[in-house]
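Student: The structure that follows is given in the form of C-alpha cells.
There are 2 protein chains.
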Amino acid sequence: MSDKTYDVVGLGSAIVDAITHADDAFVQEWGIEKGGMTLIDEPRAHLLYDAMGPASETSGGSAANTVAGVASFGGRSAFIGTVRDDQLGEIFRHDIRACGVDYDVPAGTEGPSTARCLILVTPDAQRSMSTYLGISSLVDPADVDEALVASSKVVYCEGYLWDMPQTIEAIEKAFDRAREAGGKVSFALSDGHCVDRHREDFLRLVDERVDILFANEHEICSLYPGDGFEDAVEDVRNHCEIAVLTRSEQGSVVVTADETLRIPAEPTEVVDTTGAGDLYAAGFLYAYTQGLDLTTCARLGSAAAAEVISHLGARPEIALSEIAGRVLV
Amino acid sequence: MSDKTYDVVGLGSAIVDAITHADDAFVQEWGIEKGGMTLIDEPRAHLLYDAMGPASETSGGSAANTVAGVASFGGRSAFIGTVRDDQLGEIFRHDIRACGVDYDVPAGTEGPSTARCLILVTPDAQRSMSTYLGISSLVDPADVDEALVASSKVVYCEGYLWDMPQTIEAIEKAFDRAREAGGKVSFALSDGHCVDRHREDFLRLVDERVDILFANEHEICSLYPGDGFEDAVEDVRNHCEIAVLTRSEQGSVVVTADETLRIPAEPTEVVDTTGAGDLYAAGFLYAYTQGLDLTTCARLGSAAAAEVISHLGARPEIALSEIAGRVLV
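Protein chains in written order, with the numbering used here: chain A, 6 to 334; chain B, 6 to 334.
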C-alpha cells in the first residue's frame, strides 16, 4: 500500500458540536436518550439550545474526529462531507484543516445550514447527543473526488451518514473506487438506532464491501441479534476481514477469520466520553496503515480513546504522536 | 440602593472568542502584540484564523464576561451590546442568557457580522488577542433601555467600547440615566492602547462621571503618566470615589479619598489569563452591590479572577457562588 498519498480518507457528517454540562434531570425532562444520538429538527434544535447551559463550540462529526485523530498521530488524511457557506461551516472547515486534514469539498450555497450537535455531558461523564443534521446529510456523489479516494490506503465511513439516497450513492462510489484501486474499505456502525434503521443494508455492506468494521458491543449485538456479545463475535467472523469491537472499560476485541485478540482498555479518569469510538478508530487505522500488527492497532486505538475521554470535547487536545511514542516503545 | 431590580448592567462589545494554543514564534511571526488586544479588519481576521490552530469558540467580550460573572455569583445582571442576526450572534445571545444575564437588544439585520476575537494562548499562559469588532462597536443610543439602566445599582462599561460617536453617545446616555436614578457609574480602562487613543476623554470621564474605576497597573500608569505606579495611585485619588487597581500576581490596590487598601492575589495555577480583569470586576461589583466592605470586594474579585485563569476561556467554569461561600466564611 506504500504508493498511496493518503493513509485514511473519511466520509462523514460535518458537524459543529455545542457542548455543555447538564444534570440527569435536564436530560430526562427533555426526553433525550441518555448516551445516545437523537436526530432533531431545526425548531427543536433552537428550543433545546435556548434551554441548555452556556456552551463551547468545537468541531466534531464522527468520521471527521477520526481523520483529525489520524492526522494528530502524524498520518495523512482527508475528509469528504458537506457544510453550508455560513459561520459554523467556516468553523468546521478551519478546525479540520488546522488539524492537518485535507478538506476541499466546496460549501453549499443554498439549502439547510451547517449541522450542529447539542451535547449534554452528565456528571457520570456520559454524553447524550441531539443532532440537527442540516446540510451535512447531503453528500453529492460529485463531491467524492475519485482520485482522492483511489489514492488512500483506507476509505472510512461512519454509519451515521448512511441515510439519504444521494449520500448512499456517494458512499458506494467512494467504496468502489477505493476497492478498485487496491485500498481497504472501513465502516463504523456508529449507533444502535442506525443499525435498527438500516440493518439489511448494513448486513449486505459488511458482507460485500467492508474490510474493516468498527462497532461497539451494543451495535454489533444489534446487527447480529442473538445470545449476546460472544455470539455476535462468531456471527461477524468471516463476514469481513477484520471486525474491531469496542467494549468501553472492558477493552476491545479484534476478530479475524482465524484469530480473536482481546486488548484491555487504557485506564484513565473519564471526564466526557464524546469521541471515544471515533478516536479508537483513529488510533487503530493509523497503526494499520503504518503496517503494524493488529494488537498494536488496538493498543493505539485504546490510547487515543483514553486521551479524548480525559477532557471535554471530541478532538484530541495533545498531539497523538506523543502517545504513539509512549505506546510503541 | 435596595429598591433596584439589577445589581449590575454592563455595556460592552458582544464578542465570540476563538481560542487556541500557539507558540511564541507564531505570535511574533504574525506581528501580534503579546498580552495585548489588537484590532484587526475582516480580511486579516480570515487570514489569521486560517493560519492558527484548531480552536474552541466560546462567548466573550470584556463587560459581557463581567456581567456573566456577577450572575454566576448569584447577582442580578443585564447586558447591552450589539450582535448581528448570524450564527455567532446566536451563540453569543445563548451563552449570556444561559448564564442568567438578561439580554434583549435586538440583533442587527444589516451591516458587519458579529464580532470575533482570535485568542492565542502561549505556553506562559499569556493571552494575545486579535479582535475583528464587526457590528459590536456600534451601539445605538436607542438600544440603551432607560428603565433598565435606571433600575441598576451599578452601570458598568468597558473602555474598549469607547470609540464610535454613536456608541459614545449611548454610553453617556446610560451613565447619565444611572446617575439621575441614584445608581453608581463604573468604568474599566480595558487596555493601554485604549487609554492612549482616548486619554483626554478618559481623564474627563473619570473626573466627571465615574464613581468606580477599574484599571491594571499598565493602564493607570498610561492614564497618569509620571513616576510609576505609586505616583499614579496618588494621581487617581480624589478623581473618582473608588479606584480599583489590579497588579496580576501582586494583588490589587483599592484607592479612596482617605484609604489605600492592598489585597493579595489568590494563588492559583495559571493556565490562561483571558478574562482575569473582567472576572475581578465581577467579584468586586457583586460584593459591592451586596453592601460588603471594600476589602471583601477586592477579595471576591481576586477569587473570581483566580478561577477564570485556572482554565482555558474567559467565563467561569464553576458557579462563583461556591467561591463566594468559601471566601466569605
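No residue lacks a Cβ here, since even glycine has one placed at the ideal position from N, Cα and C. Here the structure is a predicted model, which is why all the values come from computation and not from measurement.
When you compare the CB positions of A/V106 and A/D12, do they come within less than 8 Å of one another, or not?
Tutor: no
Student: I need the straight-line Cα distance from A/G330 to A/G58, nearest angstrom please.
Tutor: Spanning the two alpha carbons is a distance of roughly 38 Å.
Student: What residues from chain A crowd round B/T261, counting only those whose CB sits closer than 8 Å?
Tutor: The premise fails here: B/T261 is roughly 35 Å from chain A at the closest Cβ pair, so nothing lies under 8 Å.
Student: In chain order, what residues of the same chain lie with their CB nearer than 6 Å to the CB of B/I45, ignoring the 5 residues before and after it?
Tutor: The residues are S135, Y137.
Student: Find the residues of chain B that neighbour A/K96, judging by a C-beta separation of less than 7 Å, and give them in chain order.
Tutor: Checking the sequence, you will find Ile at residue 96 of chain A rather than Lys. The contacting residues are E62.
Student: Verify whether the separation of the beta carbon atoms of B/S253 and B/Y285 is less than 8 Å.
Tutor: no
Student: In the DSSP assignment, find the beta strand (DSSP E) that holds A/G15 and state where it starts and stops.
Tutor: 11-16
Student: Checking contacts by CB at 8 Å: is B/Y137 closer than that to chain A?
Tutor: Not an interface residue.
Student: What residue range does the beta strand (DSSP E) around B/Y229 cover?
Tutor: Neither: B/Y229 is in no beta strand (DSSP E) and is coded neither H nor E.
Student: Would you mind reading off the limits of the alpha helix (DSSP H) that contains A/N243?
Tutor: First-last for A/N243: undefined, no H or E at that position.
Student: 8 Å is my cut-off, CB to CB: does B/R81 come that close to chain A?
Tutor: It does not: the Cβ of B/R81 has no partner Cβ on chain A nearer than 8 Å.
Student: List the residues of chain D whose Cβ lies closer than 7 Å to the Cβ of B/G58, in chain order.
Tutor: The question asks about chain D, but that chain is absent: this structure's protein chains are A and B.
Student: In three-state DSSP terms, what is B/C302?
Tutor: helix
Student: Quick one: what's A/K189 bridged to in DSSP?
Tutor: A/V159
Student: Exposed or buried, which one is B/T71 when buried takes at least 16 other CB atoms within 10 Å?
Tutor: buried
Student: What residues in the stretch 311-334 of chain A have a beta carbon less than 8 Å from any beta carbon of chain B?
Tutor: Here the close residues are G318, R320.
Student: Does any C-beta atom of chain B lie closer than 8 Å to the C-beta of A/H99?
Tutor: Interface residue, yes.
Student: Start and end of the alpha helix (DSSP H) containing A/D29?
Tutor: 29-34
Student: Starting from the beta carbon of A/Q131, find every residue of chain B whose beta carbon is closer than 7 Å, and list them in chain order.
Tutor: The premise fails here: A/Q131 is roughly 19 Å from chain B at the closest Cβ pair, so nothing lies under 7 Å.
Student: According to the neighbour-count rule (16 or more other Cβ atoms, all chains shown, within 10 Å of its Cβ), is B/T114 buried or exposed?
Tutor: exposed
Student: If you measure between the beta carbons of B/V313 and B/A292, is that distance less than 8 Å?
Tutor: no
Student: Inspect the CB distances between the stretch 12-22 of chain A and the stretch 117-135 of chain A and report whether three or more fall short of 8 Å.
Tutor: yes
Student: So, helix, strand or coil for B/R201, using DSSP?
Tutor: Per the sequence shown, the amino acid found at residue 201 of chain B is Asp instead of Arg. Note: B/D201 maps to helix in three-state DSSP.
Student: Could you have a look at B/F289 and say whether DSSP puts it in helix, strand or coil?
Tutor: helix
Student: Whose C-beta lies closer than 6 Å to the C-beta of B/G197 among residues of the same chain, with five residues either side of it excluded?
Tutor: H223, E224, S227
Student: In its own chain, which residues sit with a C-beta less than 7 Å from the C-beta of B/I173, not counting the 5 before and 5 after it?
Tutor: W167
Student: Identify, in the order they occur along the chain, each residue of the same chain with its Cβ nearer than 6 Å to the Cβ of A/P117, setting aside the five sequence neighbours on each side.
Tutor: G139, I140
Student: Using the DSSP secondary-structure output, state which residues sit across from A/F219 in a beta bridge.
Tutor: A/A193, A/V249
Student: What beta strand (DSSP E) runs, 3 residues minimum, are completely inside the stretch 129-154 of chain A?
Tutor: Counting only runs of 3 or more residues that sit fully inside the stretch 129-154 of chain A, the beta strand (DSSP E) segments are 132-137, in chain order.
Student: Under the rule that 16 or more other beta-carbon atoms within 10 Å means buried, what is A/N243, buried or exposed?
Tutor: So A/N243 ends up on the exposed side.
Student: Kindly indicate which residue of A/T265, A/G256, A/E185 has the alpha-carbon position closest to the one of A/D236.
Tutor: A/T265
Student: My guess is that A/A336 and A/G15 are in contact by the Cβ rule of under 8 Å, so how many angstroms apart are they, rounded?
Tutor: The first residue shown for chain A is 6 and the last is 334, placing residue 336 of chain A beyond what the model contains.
Student: Nearest CA to the CA of B/H26: which residue from B/S77, B/D129, B/F219, B/D232?
Tutor: The residue with the shortest Cα to Cα distance from B/H26 is B/D129.
Student: Could you check whether the Cβ of A/L305 sits closer than 8 Å to any Cβ belonging to chain B?
Tutor: no
Student: Buried or exposed for A/S257, going by 16 or more other Cβ atoms inside 10 Å?
Tutor: With 16 or more Cβ atoms within 10 Å of its Cβ, A/S257 is classed as buried.
Student: Please decide whether B/Y54 counts as near chain A, where near means a Cβ-Cβ distance under 8 Å.
Tutor: By this cut-off, B/Y54 is an interface position.
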